[in-house]
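Below is one structure, written out as structure tokens; the observations come after it.
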Amino acid sequence: MKRYIILVAVLALAANAFAQTSPWPFIWGTAGSFVGYACPYDADGYIYDPSSYTWEHGTETGKSYFTVTCDIEMYMSMHFDATDIYFHIADDRTSMSAYVNGWLASNNGQWLFVSSELDTKDLTKLFFIEDIFGRDRQWYIDHGRPMPNDIPVEWFLMEPGDADWRVPQSSQSGNNGQLWGLTWLLANGEPCTHSFQIKIRITPEFHQPDGRYEMDPLVTAAPVL
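The opening position of the sequence shown corresponds to residue 0 in numbering that gives the first Met the number 0, with each subsequent residue numbered one higher.
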């Protein structure tokens, strides 16, 4: 009988606690991991009445039930072995590739994006800046010289288990429309830690004109929504 009474009391306490509203506000987007405490409780002067199995005659401040709340943010960590890539060509080759290892860790599926400001940059070309004499694009226009062609760029990604390099998708809807560019879905959208390798291939023309050619995209992640 005593065990039954105790069980009923515990179940009643649990039901009462889960019916309560957590005192903690939603604070999504807050950095750091921590434990917070609130609402102290005091009971004073209670006498146990064995006829009713209750505490009587005392006073209390605060509340005697607990709420236990945990908010888990969507988090992400990412690493690239390099973010500055330099090609130097001193012969007539028409293809050259760079390889960058990386990893991403998140509790949500993620898209990896090669992005730029919306529709303002071409992510498939190295843009001609100037020749070896410092003559820029405007100089070529002013002097009626043919502008050196930009150098095509291709992006690829490979994850462990992939049979071959994967070409990216084109997207203008990343991160609720805030990212535009080329993207891959990592590990079919599964959360966890995922390693990958990015391949950047340039294909200059045969006897590409001398000079510097550049692009400056943003490589970032966007959650699977």
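Using N, Cα and C, we set each Cβ at its ideal position, and we do this for glycine too.
Note that the C-beta distance between GLY101 and ILE26 is not below 8 angstroms. The alpha carbon of GLU153 has as its nearest neighbour, out of THR68, ASP43, MET95, the alpha carbon of MET95.
For TYR139, there is no enclosing beta strand (DSSP E); the enclosing alpha helix (DSSP H) has its first and last residue at 136-141. Burial is judged here by how many other beta carbons sit within 10 angstroms of a residue's own beta carbon; ILE46 has fewer than 16 and is exposed. For TYR47, the beta-bridge partners assigned by DSSP are TRP54. Nearest to ILE199 by C-alpha distance, out of CYS38, TYR74, TYR85, THR53, is TYR85. For ASN174, the enclosing alpha helix (DSSP H) covers residues 173-176. Selection TRP183, PHE195, PRO216 evaluated against LYS124 yields PRO216 as nearest (Cα-Cα). Per DSSP, the beta bridge partners of ASP41 are THR60. With 16 or more other Cβ atoms inside 10 Å of its own Cβ, ALA221 counts as buried. The three-state reading of DSSP puts LEU185 in helix, counting H, G and I together. Inclusion of ASP43 and GLY61 in the CB contact set at 8 angstroms is not warranted, their separation being larger than that value.
Looking at GLN109, HIS193, GLY210, VAL218, the one whose alpha-carbon comes closest to that of ILE88 is GLY210.
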